[in-house]
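Note sheet for the following structure.
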Amino acid sequence: MSTEFTTRITEAVVASLDGTADPRLRELLAALTRHLHAFVRETEPTTAEWERAINFLTATGQACTDTRQEFVLLSDVLGISMLVETINSDTTDTTDTTDTTDTTDTTDTTDNSDDRPGATESTVLGPFHMTESPVRELGADIDLVGGGEPCVISGRVLSGDGTPLPGALLDVWQASAEGYYDVQQPDVQPAGNGRGLFTADAEGRFWFRTCVPSPYPIPTDGPVGDLLRATARHPYRPAHIHFIVSAEGHTPVTTHIFVAGSEHLDSDAVFAVKESLVQDFTETDDPSLARRFGIANPFRHARFDLVLNTSDAPGVRDPEGA
Ligand code: BEZ
Ligand code: FE
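Shown next as C-alpha cells:
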C-alpha cells in the first residue's frame, strides 16, 4: 500500500469540491471525505467487506417505504439521530421539572420564581409520529383499548422565566400497553389510539389519562435488525410517552417522558434517554383527586412541567444558519 497515494487521493477529492457554490455543502462534503478516507485507512476493509457494506446500505434503502424509514432507524441505533438532535436543541440540562401544583386546582398560588428549571431537553422524534393526532379535550383518555394500568399525566407548559403558556399545544403519542403503536396494528387498534392533540388551559395546565406505557422493541425485521443481531444488541426502548410541545413566540420541543424504573432505561436501543426526562409515575391513593380526573382510585400519576425557551433566547440556532 502506498501511503503517499492514500493521502494524496484524499486531498484530490477535497480539491475536486472547490467549485461547489454552496460553502456549507463544500464544508460538509470535504469533512465527510476526510473522515471516510481516514476510516478506510484505519480499518483497511477487504474488497469483500466493502461489498458487504454496500449491500447493507442497498438493503437499508430498499427497506424504506412510505411508512418505514430504515435509514432513520440506522441513524437512531448508531446514536447519530441523538447527536444531531442534541447539537441542534437550545435547551440546557434540567435538574427539576417536577410539577408541585395540583393540576385541577385553579386557585393555585405557587410561587415559581425561585429555582426555575431550564428548558425541557429534547430527544428523538422516532418513526411513529406519522399520522395527525386527534384533537382531544383536556382530561380525555388517549388509551382507547384498555388493558393497561390507568394513569394521569399532568403539569404545566411554561416559558423559561416560569410564565405559564396558555394555549400551548401538546402533541402526544405512545405505544399501547402491549408495546405497539396504532399504525403498527391497524387491524387491532383503532386509529388514534395512544394519541392526542391537547391545548393547555388559561394557566398553561394540561392533564390527560392514558395507560402506563411499556418498553417495546424497535422494528427488527430489516437490515437494522440484522445489525443489532450481529452485534448482540437488544432492540428495546424503555417505556416512554412522546411529546411535541409548541407555543407562540417559543421554540418547540420534541421530547419524551420516560417511566422511572422502566427496564432498559440504561440501554435504550436508540440512546435517547436523558436523565431529566425520567419521571415518576407515582402510586396515588386520593379518591377526591381520582374523581376530579375521572379515574378509578388508586391510580398512577406523572406530574411534570414542560418548559420552552423563547424563540429569541440566546443560543437558539437559526435553522437557516444565519
Ligand atoms: C420510538 O420511540 O418510537 C422510536 C424511536 C427511534 C427508533 C424507533 C422507535
Ligand atoms: Fe416511541
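Once you know that position 271 of the sequence shown is 293 in the numbering used here, the rest is easy, because the numbers rise by one and skip nothing. The beta-carbon is built from N, C-alpha and C at its ideal position, and this holds for glycine as well. Since the structure is predicted, the reported quantities are computational estimates derived from the model, not experimental observations.
Straight across, the Cα-Cα distance linking I175 with A60 is about 48 Å. Judged by DSSP in its simplified three-state form, F220 adopts strand.
Counting along the chain, the unbroken beta strand (DSSP E) around G177 starts and ends at P172 to S181.
Three or more Cβ pairs closer than 8 Å define a contact, and the segment 209 to 218 falls short of that threshold against the segment 279 to 290.
In this structure, the beta-carbon distance from L328 to G182 does not fall below 8 Å. For a cut-off of 8 Å, the C-beta gap from V179 to A222 is around 5 Å, short enough to register as a contact.
Apart from sequence neighbours up to five positions away, the residues of its chain that approach P260 with a beta-carbon distance below 8 Å are P237, F280, V281, S284, E285, H286, L287, D290 and V295, ordered along the chain.
Here the distance from the Cβ of P149 to the nearest heavy atom of ligand 1 is below 7 Å. Relative to ligand 1, D288 has its C-beta separated by 7 Å or more from all heavy atoms. When C-beta atoms of the segment 238 to 248 are compared with those of the segment 81 to 88, three or more pairs fall below 8 Å, so the two segments count as touching.
Counting C-beta atoms within 10 angstroms of its own C-beta, F321 has 16 or more neighbours from the protein chains shown and is therefore classed as buried. Of the candidates L192, I317, I164 and S103, the residue whose Cα lies closest to the Cα of G148 is S103. Rounded to the nearest whole angstrom, the CA to CA distance from F220 to G271 is 18 Å. C-alpha of Q207 to C-alpha of P239: approximately 14 Å in a straight line. Annotation: the continuous beta strand (DSSP E) that includes A324 extends over F321 to R325. For T28, the three-state secondary structure derived from DSSP is helix. Considering only I164, E107 and A85, the residue with the shortest C-alpha distance to F293 is E107. Residue pairing for S268: DSSP places it in a beta bridge opposite L191. The C-alpha of E305 is placed about 56 Å away from the C-alpha of E66. The beta carbon of R63 lies closer than 7 Å to those of T28 in the same chain, with the five residues before and after it left out. Within the same chain, Cβ atoms closer than 6 Å to the Cβ of S111 are found at S144, the five residues on either side in sequence being excluded. 8 Å or more divides the Cβ of V275 from the Cβ of T185.
If you check the C-beta of H256 against ligand 2, you find no heavy atom less than 7 Å away.
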